[in-house]
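Written below as structure tokens is the structure these notes are about.
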Amino acid sequence: MKAPFSPYLNEISDGIRSLIGCLSKDYEYVSIHAADSFGLNIRISTHAKSVSDRTLTSERGFAVRVMKDGLYSEYSFNQFDPGHVEETYRQIKEALDAQLFMLKQCGTEIFETPAIPEEETVFSGEKETEQLPETADTQSIISFFKELCEKGMAMSEHLIDCTITGQSTHISKLFMSTKKDLRQSYVYSEATIIPVASKDGRNTYAYEGVSGLCGPELFKKLEEHLPAAVKTAEEMLGAERMEPGEYEIITSPEVSGLIAHEAFGHGVEMDMFVKNRALGKEYIGKRVGSDLVTMHEGALCADNTSSYFFDDEGVMAGDVTEINHGILETGICDTLSALRLGTKPTGNGKRQNFEHKAYTRMTNTLFDSGNDRLEDMIASVSYGWLLEGMESGMEDPKHWGIQCIISCGREIKDGKLTGRIAAPIIMTGYVPDLLSNISMVSNDRGVFGNGYCGKGYKEFVKTADGGPYLKTKARLG
Amino acid sequence: MMIETVKTVLKELNCDTWQISDLKTEGWEFYFIKNRLDQNRVRNTDHITLTVFMKNADGTQIGSASAEIRQGSIADEIRDTVKTLMERAQLIQNPVYSLHSPKKAEETEKDEADVRTAAEAYLHLLKDIHQTAEADLNSTEIFVEKNTEHLLNSNGIDVTQTWLSSMIETVINARNEKHEIELLRQMRSGTCNEEELKKQIEDTMQYGLDRLKAQKTPNLNRFPVVFRGESAKAIAGWFVERTDAAMIYRKMSSWKKDAAYAENISGDRLTLKALKNLSGSADNRMYDAEGAAMKDLTLIENGIVKNFWGSRMFASYIGENDSFIVSNYEIDGGSESEESIQKEPYLEAVDFSDFQADSLTGDFFGEIRLAYYHDGRNVIPVSGGSVSGNLNDLMGEMTMSAQRQRMNNALIPSFFRLKDVTVTGSEG
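Protein sequences, first through last, are from chains C and F.
For my numbering, count along the first sequence from 1 and bump the result up by 577.
For my numbering, count along the second sequence from 1 and bump the result up by 810.
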């Protein structure tokens, strides 16, 4: 079935249109981003169970964007009565005028930006799903999660907990301006298994997840991941610490995705170009990786947790080739940054929710597949590590440093896995070195949407990333 | 108005155990590129969250389910939401516990600053930062908000509290004729303390200038490391998390009351206290999110675990019936001084890409953006590579500075010193 667009947003859309009319008397540009998204969040562990409607993207509220004399201002709110539009208009005007008065008193200079050019566009899109989070059979899901939790605990005497989580969000978003009326609805879901093992005072955990552009029906796929999750948690109890040094590595698709995200995902967010915060600006058209490296970014690149019809600024979704056979081609861009840079927005303007500013953000960031087989890649390593499982990463676009926290490494010696494991691992390095050293790329690819992404240490949004197995060199600690 | 409707519906549906939070926020935000205003924003929101609790037939188990009561909902929609929550809560079974009962929090001195005054102070602060051709502000984001929270539950809690919270995030550039570097700082506080923030930003500018001169971090393998700034706070926060009732109940922290947190403590014996109020903190509230009165509470004293803290559910499971969720805390100063740490070579880490200390495993790690290598004779700025280790293994020999500093909600030693940290260099 199609995920239905929010009846609430349909009901108030005439009021939103009227509010735009009121504000247009005072401002050169007016748009309203409205969201009404329902979540389902179930968490079952050995020691505690909970259910709520709160997910990272569940929300109901509005973000008004206006522009006057080159300054863009926003007003976020969640109380709106379409019968009293004039009252909302006055509240917005008074609040923004109060800020402008203070800014003027303080002698603040403005970063002037032209009005957003728009074409008449009317769009309505609803993506397919089998179930909706708001009407899903919660009882069946809870029973299934309890069963998984118990099965997991029975698999190992060392487990002290086995947490099963499932989250599903039915997104409905409306973008309206004087020329645009865009409406979209879709459902994305994700679920995880996190077994926690303990032995001789040492705690370890593993993590397996599934994600997709679909409803809670996705959760059933967790079952096939349970044995691997428990096995890894157990194996980690015997893991050694990594001997610091530079090694040949093979990254699993999940780790490749983390590299894609941290290395060149953040590095080509073009709001960073406006601030002169990204080295990538100087490398457009230049080589940044080996000929085997091709990377795409965009909401249209994959069907996962960040695959929408249009972004939070009313720009239709895209598919950007960022790196083509090692050459950095272009970046991704939100609307205001595009105006400042004299380029086109790419459909990557995203907000954490209606209460937050829109920035250039990633959606699906993916390395293309190659032609190698994983067995051949392992066989080609004289001494190195197969890196599996991602925990976190941090970008450094100004200096092209990279930090990736990786769950574990499996030792490879003379072309064979030895069974020795090191954990956890911090991988650091200089991005162009890491990408230039890519010498083999597997012929498959995975896409992972369980993570979320911050801009620095805040502004968390859903993103997906992935790629094939990659063979390269990196510094591990 | 909406809360009254929710209470009426709860009564009609015979739901007798519930908790409501109504959080109203007025926020002002300013975004700057260099010294020019990129965008200004206002937030004006009201979020009502309802949690309902349902016991099983014999009263040994209780389940809960929560949802936001969305603005714009009419009575019928609220009734549907409550019915759904009651059904869902019945599907969840945790050992039974009761909600907090009313207990008046001690009045504390309140900062009466409002959003506009605090926002104006931040705008003045920006003008007051000494910028030069070598070091300046690349971009700055300012967030000031006033929160008013009304907490109610079915046991009679009905309290309202307000607090001001603010944050400035600034990216600092430093440059020479060859290249330009950046450092990012995110500083939270109650209102704007111009003097304190100005010093932090100007200190960061100096770090930036030092980073321009930085060499590659050498391979030091197992080496003493002094952690300052956010990494010191992450280490301090790890000790707080290890005393969380949820960690204890779930057997993820093996710490026991009246026992030392490590078998052999040859370093400083840590003393940790939860604080109801900490001057300058963005988290000064009289009540926690469940309506429990905040108070001062010793969690660890001279290395001995004294108390645990936590949410009502987990705290009651481990017998802490008068507990609360900690917001502010302090750690007493230790034995070290700026002079005493010079006794042997060490690495002084002041800026990481993202330093993390895992509360479950004890593992810590971070990529070095700036550190100072004290080799016994010289102090050399270094960058690149990483530090890693496990706090469970290293906390026994940990020492701390006698001098303390406040970092938002934490008053902690200015530095923590750990021995045998793995330092992976960035040189070939």
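Ideal placement from N, C-alpha and C gives every residue a C-beta, glycine not left out.
Member of C:R950, C:M849, C:R928 and C:G857 whose CA lies at the smallest distance from the CA of R917 (chain C): C:M849
With 16 other Cβ atoms within 10 Å as the buried cut-off, status of R881 (chain C): Reading the sequence as shown, one finds Asn at residue 881 (chain C) and not Arg. Buried is the call here.
Under the three-state DSSP convention, the category T1014 (chain F) falls into: helix
L709 (chain C) versus T634 (chain C): straight-line alpha-carbon distance, rounded: So the two alpha carbons sit approximately 15 Å from each other.
Min CB distance G778 (chain C) to chain F below 8 Å: yes
Proximity test, Cβ basis, 8 Å: G557 (chain C) and chain F: Residue 557 (chain C) is absent from the structure shown; chain C starts at 578 and stops at 1054.
The segment 911 to 925 of chain F contacting the segment 655 to 670 of chain C, beta-carbon criterion three pairs below 8 Å: In short, these stretches do not touch, since the Cβ pair count stays below three.
Identified DSSP bridge partners for W838 (chain F): Per the DSSP secondary-structure output, W838 (chain F) pairs in a beta bridge with F:V852 and F:V954.
Cutoff 8 Å: S1196 (chain F) Cβ touching any chain C Cβ: yes
Selection from F:I1011, F:R1021 and F:G1120 that minimises the alpha carbon distance to S1133 (chain F): F:G1120
Reference K723 (chain C); option with closest CA among F:T1001, F:L901 and F:A931: F:L901
Inter-residue spacing [alpha-carbon to alpha-carbon] between F796 (chain C) and L963 (chain C): 28 Å
Any 3 or more C-beta pairs closer than 8 Å across the segment 902 to 918 of chain F and the segment 834 to 845 of chain F: no
Boundaries of the beta strand (DSSP E) in which N948 (chain C) is found, first to last residue: N948 (chain C) -> no beta strand (DSSP E), and no H or E assigned at all.
Residue range of the unbroken alpha helix (DSSP H) whose run includes R889 (chain F): A885 to L901
Close Cβ partners of D613 (chain C) (< 7 Å) along its chain, the five nearest in sequence each way excluded: S583, Y585, L586, R637 and S749
Backbone CA spacing between E1040 (chain F) and Y1139 (chain F) [nearest angstrom]: 15 Å
8 Å Cβ cutoff, R631 (chain C) in contact with chain D: Judged by its chain identifiers, the structure shown contains no chain D, and its protein chains are C and F.
Spatial distance of A840 (chain C) from P1009 (chain C) (CA atoms): In this model, A840 (chain C) and P1009 (chain C) are separated by some 9 Å (Cα to Cα).
Interface residues of the segment 723 to 753 of chain C facing chain F [CB-CB below 8 Å]: I737 and D738
Whole runs of the beta strand (DSSP E) within the segment 778 to 823 of chain C, excluding any shorter than 3 residues: 779 to 782 and 785 to 789
Sufficient close CB pairs (3 or more, under 8 Å) joining the segment 746 to 762 of chain C to the segment 606 to 621 of chain C: yes
Nearest-angstrom Cα separation, counted from W1048 (chain F) out to A806 (chain C): 26 Å
Cβ-heavy atom distance, R1095 (chain F) to the ligand ATP, below 7 Å: In the structure shown, the ligand ATP is absent, as is every other ligand, since no ligand is present at all.
Pairwise C-alpha distance: T1027 (chain F) and H1184 (chain F): 12 Å
Residues sharing a beta bridge with Y885 (chain C), DSSP: Beta-bridge pairing links Y885 (chain C) to no other residue.
Three-way DSSP call (helix, strand, coil) for K863 (chain C) in this model: coil
Interface positions of the segment 845 to 865 of chain F facing chain C (Cβ-Cβ less than 9 Å), listed along the chain: N845, R846, L847, D848, Q849, N850, R851, V852, R853, N854, T855, D856, H857, T859 and T861
Simplified DSSP assignment, three categories, for F1124 (chain F): helix
8 Å contact criterion, which L947 (chain F) and I939 (chain F) should meet: CB distance rounded: Contact holds; Cβ gap of about 6 Å.
Exposed unless 16 or more other CB atoms sit within 10 angstroms - verdict on S914 (chain C): buried
CB contact check: L833 (chain F) to chain C, cutoff 8 Å: no
Cβ neighbour criterion (16 or more within 10 Å) applied to P1155 (chain F): exposed
Closer than 8 Å at the beta carbon, the chain C residues around H807 (chain F): With chain F represented from 811 up to 1238, any question about residue 807 (chain F) goes unanswered, as that position is not in the structure.
Residue environment, V699 (chain C), which counts as buried when at least 16 other CB atoms sit within 10 Å: exposed
Closest Cα partner of G702 (chain C) within the set C:Y1029, C:T871 and C:D758: C:D758
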